[in-house]
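Student: Under the UniProt record's numbering, the sequence shown is numbered contiguously, ending at residue 1014. Mind looking over this structure? Questions follow.
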Amino acid sequence: MSDFQSNHVLAFPRFPRTDFPKTMLTRVLVCLVAAASVFCLMPQIAVGQGSGLGSFGTLGGVEPGGRYPSQEYYIALEIYRSGDLENALDAFEGALRSTRRDINGRWIDSIPVYAMLAECYWHMGSVPQSREHIDAAMQVAVRYRGWLNKVDWRSAVREGVQVSPPTGVWPAALAIKRIPTSDRIMYRSGQQVTEQTLIQGGVIEEPNLRAMDIIEIMRGLAIASYRRRIILGPLSEQDNFVNELAESTNVGGLPQPIAQTMVGALHGAARFAAYDDKRAFPEASRSALSNGGAHPLSAIALLVQASVLAESANAEGSLAAALACVNVAAALEQPELIGEALQLAAGVASEKEANVVRTAADTAANAMVRKSRLASVHSFVASADAAIKSRDYDTATLSIGHAKSLSDRRDVQQPRIDAYGAYVAAKLAAGRGEAFGMKSSSVVDKAYGSMRTFAQQHRVRNRTLVSMPSTYQFALLSQSLGTRIGGSTSDAILDYFTNDPPPGLWRRDPVDAMTFLTIDRSAALAMRLAIAAEQTDGDKVLVRTDTLLAERFSQTLPLAGRVAHVRVLASAEDQALSDDQRKFRDQGPAEFKQLRQMVVENANLAPATVNDSLVDKLGQQQESLATLIAFSRGSLPRLAPPRIDEKAPIQELPKRTALVTFAFVGNRLYTTFSLNGNTQTWANNNTSRLPSMIGSVLRSIGVGKTRGSRLPEDTAWRKDAAALLKFLFPEASLFAGTDIDDLVIVPDGPLWYLPFDILPIDGEDAEFLGDKISIRYAATPGLALRPSPVRQKCRAVGLAANRFFAPRDLEVNTAITQSIVDAAAGSILLPAADMPPSTMLGIVLDSLIVASPSVMDMGNPFAMSVLPYEAGKPNAALGAWLQFPSQLPTTIALAGFRSQAEAARLGDGRDLFMTLCALNVAGVDDVLVSRWAVGGESSAIVLREFSQELPFSGMVDAWRRARMVLRRSDLDPLTEPLLAHADKDLENVTGEEPLFWAGYLMSSPIDPAAAAKP
């Protein structure tokens, strides 16, 4: 409790299944179960023809006798409701052993036992085991098809009996009218065993008449049906097994209204399990009550009704149904449904309705403390969830504290509820000013870590368990994908699993929605891309390539990029957003307006007042708001990085500008080529030689070459380069015409290291592609087609350099560096006095040039320091540049970046991909980055010209001119540190050598005003 008192909120710990000391009550209950099990396992094996009440007959088997289900089941149910999952599991296992068995297997009295075992495993965090027991219950129901027709429904209601009101509940629950149903309804089963019945097959059972708790069996089957839908989600649609269950429970012609109602409630739950909401909802609505009275299946029927409505666009009516379920469940003494209904209510309630949910949850939680700690702890967490939505953080803190106290008891183990509590605790911490992913670990980090551990690394008795439905569904989907496309693999299902979580999932289970977002979806994304390619649909391939590449970056960010989406949305100018995105920002949570105002103020800070302390203070305030929004339920506009318009993907592509995208999936390369309103697509099915082909060209021009002369002795490498172009673009005529002025390339994999500029267009003697067409690059199609920003009026250029130009002569290096600064009026040599931290350089600089070797550690890419003089400082890391309150220059050139192009074996391109994505998402519009570091006089020439033109011409035109100047310049081999000893005696070395100029990669958004759209 000390941590809670100091931090206000607390990450809910994970409670794995271990051997906890048992309370006296638990010991007594377990002993009763054990004793009952020993007694009931003495089978009553009849020796004559079955003819009496409960007789087993000549077929043999085990007959528990007494009650169906057995008394052990009801004892186990009380243990389960107390919150003690460990002992509840043991007790239900004992109850299962006490169920009736014969040559057909277990009988229908095992259905509720299987159902509650499934619930135990669900709350314990083992989804596969939960489904296993659900399916076992359903198999019994299907095996004994028609069993509901054999019930004597005339005894279902105890006529003239007045039900005693439940104790310890609130007035709304006391007001519920309860129907006095019977727990001993006569059930006739079996038939005379004859030679003809044996030939017919099916279930073989002698005639019997038993008094049974048929209604509890029905309730157990309804709960199992509900849980199966939650576990399988859309994968339950078109499931023949569940459809068979739904048909087996569809009993008509029952004369008793109560029978019709309860069977209807069961059938509605079965329809819900089959993802048949159109029929599940009316069934559940009609069957929730019988003549205004609640029956034992009313609560689960209302929960089904609320869940169906929660899947709708605005969830209208779901809150009322969920709160009705809470009251009915309490009145019927079924507390296990109270917490789940309140969690759903907290999810569907609006800000104005949240107080109603909080009050109901508080009432239920306090009332259930002694009767059901399972219900109480769940209700307290739901109360805190609702209180946060209404911004009542004090009440939320009290509620989460009460939940924590209950959860800490030795006889309460509720890992799934604890994970929900961790989610709520993280959101509460953000509401109180804590932030996610700052310098030191925060309460948000700890709470989210607890939730994430349950969702992705949950372990019980040293076994890793699949704890979340989304994880389980993705695993099933991956197994079914294989190598097949189309046909049995539904594109609609893949679309579901590659988009944001649906609203219904956010409302019902935010922990599962978070899991859905952060799980590896690469297999499903790749399959969707393959389906579009098989259909040769260029627009679809382009859209799905964009999604695939964007997901690769967003999955490396906290919460799968949700915090980054909030940052970009809050920082973007109106013209950079679509109408829907602006509307979301204007009409979204109130925190957006507050955050937007802070962002505007960031840009107007006086440089002299900005220091590390202020940056930390502003970052904490703004990141806490972004974190709170990111943890809130619901989808966010995906802007980190932005996505292209699915309906009109190349609408923003100007005329005479071509867009080429590549995407590797395994050994296959998918390519799109868009120009003048049309998109072509093709695939290379065998790309195993491509890395070696690229490496051969790079080594031939001197990149990464370790022996002999670096500079090529002839132009033989052009033949390999021409072959590369032919391999990538089978139709050479694509670039042969004169209808392309600009080319934007989105590389993937080793293609990031290939300078497309030096590929001959048509044969080895033809002109370079980059000499005919202006080439720029982008990390994703969405970044390539993002709107061109409004340029700042500040024209200052900052230069940060170390011994890059003359590594062995500090005096010469200093002189060259100063000459570059002097070339552009108003340029600043960094570090300089009174300059803000690197995250805020944008308030004094429009452009930043970094002439210093840098390498990205792919194990921790966001730890890379962009500026050499701030290496090691927290605010200088690339990850800090992505956070508030960063104000970065609009143009950044990393002239000394060293990618895996120089390695003995080419990398996968992630170093360049991550660098471009991170800088663009952080707010940098134009990026120039080197594939390999050059240095020396050649770099000085190109950067001097570049910095001089940059403030006036912008990056694209400035770089074209700088590169042209370099290629026309004579170079002294002695001033080029990249050259080998064998090159030092060469004469007539010029900047025309690709080694000096082809390694630079330019990324800049397309200016739609440059040309008319098609």
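In this text, a Cβ means the ideal position worked out from N, Cα and C, and glycines have one as well.
1. In whole angstroms, what is the alpha-carbon distance linking P889 and D612?
2. Contact defined as beta carbons within less than 8 angstroms: I believe A922 pairs with S624. What is the distance between those atoms, to the nearest angstrom?
3. By alpha-carbon positions, which one of V697, V797, V855, G859 ends up nearest to D846?
4. Please identify the residue among T518, P180, K371 whose C-alpha is closest to the C-alpha of E159.
5. Ordered along the chain, which non-local residues of its own chain (more than five positions away) have a Cβ less than 6 angstroms from that of K439?
6. Taking contact to mean 3 or more Cβ pairs, one atom from each stretch, closer than 8 angstroms, check whether the segment 639-647 and the segment 722-742 are in contact.
7. Ends of the beta strand (DSSP E) at I892?
8. With a Cβ-Cβ cutoff of 8 angstroms, do A341 and L303 count as a contact?
9. Using alpha carbons as the reference points, say which of A422, L614, R643 lies closest to D500.
10. Just to confirm, are Q305 and A288 a CB contact at a threshold of 8 angstroms?
11. Tell me whether V566 sits in a helix, a strand or coil according to DSSP, three-state version.
12. Just list the residues that DSSP pairs F664 with in beta bridges.
13. DSSP three-state call for I223: helix, strand or coil?
14. Along the chain, where does the alpha helix (DSSP H) that runs through R552 open and close?
15. With DSSP as the reference, label residue 1078 as helix, strand or coil.
16. DSSP beta-bridge partners for I745?
17. What number of angstroms, rounded off, separates the C-alpha of V460 from the C-alpha of G252?
18. In the DSSP output, which residue or residues are listed as bridge partners for Q413?
19. Thinking just about the alpha-carbon of each residue, which of E713, G954, V615, L979 is nearest to the one in G936?
20. Mind reading off the beta-carbon distance from G437 to P558? Whole number of angstroms is fine, and I expect it under 8 angstroms.
21. Can you pull the DSSP bridge partners for Y393?
22. Quick check: the segment 525-532 against the segment 655-675, are there 3 or more CB pairs under 8 angstroms?
23. Relative to the C-alpha of G677, which residue among T687, L659, Y670, A683 is closest?
24. Please report the distance separating the alpha-carbon of A365 from that of I215.
25. Taking DSSP as the reference, what is the three-state secondary structure of S470?
26. Is the beta carbon of D512 closer than 8 angstroms to that of L505?
27. Can you confirm whether the segment 744-757 touches the segment 768-783 when touching is taken to mean that 3 or more C-beta pairs between the two stretches lie within less than 8 angstroms?
28. Cβ atoms of S1004 and L971: under 8 angstroms apart, would you say?
29. Determine the contact status of P787 and Q651, defining contact as a CB-CB distance below 8 angstroms.
30. Keeping to the same chain, check which residues put their C-beta closer than 7 angstroms to that of I820; ignore five residues upstream and five downstream.
31. Do you know whose CA, among L783, R656, R219, L117, lies nearest E132's CA?
32. Return the chain-ordered list of same chain residues with a C-beta closer than 8 angstroms to the C-beta of S379, the five sequence neighbours on each side being excluded.
33. If I follow the unbroken alpha helix (DSSP H) through R718, where does it start and stop?
34. Using C-beta distances below 7 angstroms, list every residue in its chain close to A88, excluding the 5 sequence neighbours before and after it, in chain order.
35. Less than 8 angstroms between the C-beta atoms of G704 and A640, yes or no?
36. Count the CB pairs spanning the segment 220-236 and the segment 82-102 that are closer than 8 angstroms, and state whether there are at least three.
Tutor: Concretely, from the data shown:
1. Counting from one through the sequence shown, the residue named residue 889 turns up at place 889. Counting from one through the sequence shown, the residue named residue 612 turns up at place 612. P889 and D612 have their C-alpha atoms some 18 angstroms from each other.
2. Taking the first residue of the sequence shown as 1, we reach residue 922 at position 922. Taking the first residue of the sequence shown as 1, we reach residue 624 at position 624. With 8 angstroms as the limit, A922 and S624 do not qualify as a contact, their Cβ atoms being about 19 angstroms apart.
3. Translated into the one-based positions of the sequence shown, residue 846 becomes position 846. Per the Cα distances, V797.
4. Against the sequence shown, residue 159 aligns to sequence position 159. The alpha carbon of E159 has as its nearest neighbour, out of T518, P180, K371, the alpha carbon of P180.
5. If you number the sequence shown from 1, residue 439 lands on position 439. P874, listed in sequence order.
6. No: fewer than three Cβ pairs fall under 8 angstroms.
7. Numbered from its first residue, the sequence shown carries residue 892 at position 892. Per DSSP, the unbroken beta strand (DSSP E) holding I892 starts and ends at 891-894.
8. Here residue 341 refers to the residue found at position 341 of the sequence shown. Here residue 303 refers to the residue found at position 303 of the sequence shown. Yes, these two residues count as a Cβ contact at 8 angstroms.
9. Sequence index remark: in the sequence shown, residue 500 carries index 500 (1-based). Among A422, L614, R643, the Cα nearest to that of D500 belongs to R643.
10. Translated into positions along the sequence shown, residue 305 becomes position 305. Translated into positions along the sequence shown, residue 288 becomes position 288. For the pair Q305 and A288, the CB atoms are nearer than the 8 angstroms cut-off.
11. Looking up residue 566 in the sequence shown gives position 566. DSSP places V566 within a helical segment (H, G or I) once states are collapsed to three.
12. Translated into the one-based positions of the sequence shown, residue 664 becomes position 664. Per DSSP, the beta-bridge partners of F664 are L669.
13. In the sequence shown, the residue the question calls residue 223 occupies position 223. If DSSP states are grouped into helix, strand and coil, I223 belongs with the helices.
14. On the sequence shown, residue 552 is found 552 positions in, with the first residue counted as 1. For R552, the enclosing alpha helix (DSSP H) covers residues 538-554.
15. Residue 1078 lies beyond the residue range present for the chain, which begins at 1 and ends at 1014; the question has no answer from this structure.
16. In the sequence shown, counting from the first residue as 1, residue 745 sits at position 745. Answer is V660, Y777, bridged to I745.
17. Here the question's residue 460 lines up with position 460 in the sequence shown. Here the question's residue 252 lines up with position 252 in the sequence shown. Near 45 angstroms, if we compare the C-alpha coordinates of G252 and V460.
18. Taking the sequence shown and counting its residues from 1, the one referred to as residue 413 is at position 413. Q413 is bridged to D84.
19. Within the sequence shown, numbered from 1, the residue matching residue 936 stands at position 936. For G936, the closest of E713, G954, V615, L979 by C-alpha to C-alpha distance is L979.
20. In the sequence shown, counting from the first residue as 1, residue 437 sits at position 437. In the sequence shown, counting from the first residue as 1, residue 558 sits at position 558. With a beta-carbon spacing of about 5 angstroms, G437 and P558 fall inside the 8 angstroms limit used to define contacts.
21. On the sequence shown, position 393 is the one that residue 393 refers to. Partner(s): none; Y393 has no beta bridge.
22. Yes, the segment 525-532 touches the segment 655-675.
23. As a position in the sequence shown, residue 677 is number 677, starting the count at 1. Among T687, L659, Y670, A683, the Cα nearest to that of G677 is on L659.
24. Looking up residue 365 in the sequence shown gives position 365. Looking up residue 215 in the sequence shown gives position 215. When only Cα atoms are considered, A365 and I215 end up about 27 angstroms apart.
25. Here residue 470 is taken as the residue at index 470 of the sequence shown, counted from 1. Secondary structure of S470 (DSSP, three-state): helix.
26. Taking the first residue of the sequence shown as position 1, residue 505 is located at position 505. Taking the first residue of the sequence shown as position 1, residue 512 is located at position 512. Taking a C-beta distance under 8 angstroms as the contact criterion, L505 and D512 qualify as a contact pair.
27. Flag = yes, the segment 768-783 and the segment 744-757 touch.
28. Stepping through the sequence shown from its first residue, residue 971 is reached at position 971. Stepping through the sequence shown from its first residue, residue 1004 is reached at position 1004. A distance of 8 angstroms or more separates the beta carbons of L971 and S1004.
29. Taking the sequence shown and counting its residues from 1, one reaches residue 787 at position 787. Taking the sequence shown and counting its residues from 1, one reaches residue 651 at position 651. P787 is not a Cβ neighbour of Q651, given a cutoff of 8 angstroms.
30. Sequence index remark: in the sequence shown, residue 820 carries index 820 (1-based). So the list reads L799, A940, L943, R944, S947, once near-sequence residues are dropped.
31. Against the sequence shown, residue 132 aligns to sequence position 132. Among L783, R656, R219, L117, the Cα nearest to that of E132 is on L117.
32. Here the question's residue 379 lines up with position 379 in the sequence shown. So the qualifying residues of the chain are I338, G339, L342, A361, D362, A364, A365, M368.
33. Residue mapping note: residue 718 aligns to position 718 of the sequence shown, counting from 1. Boundaries of the alpha helix (DSSP H) harbouring R718: 717-728, taken from the DSSP string.
34. For the purposes of this step, residue 88 is identified with residue 88 of the sequence shown, where counting begins at 1. A76, I79, Y80, C120, listed in sequence order.
35. Within the sequence shown, residue 704 is the residue found at index 704, counting from 1. Within the sequence shown, residue 640 is the residue found at index 640, counting from 1. G704 places its beta carbon 8 angstroms or farther from that of A640.
36. The segment 220-236 vs the segment 82-102: no contact.
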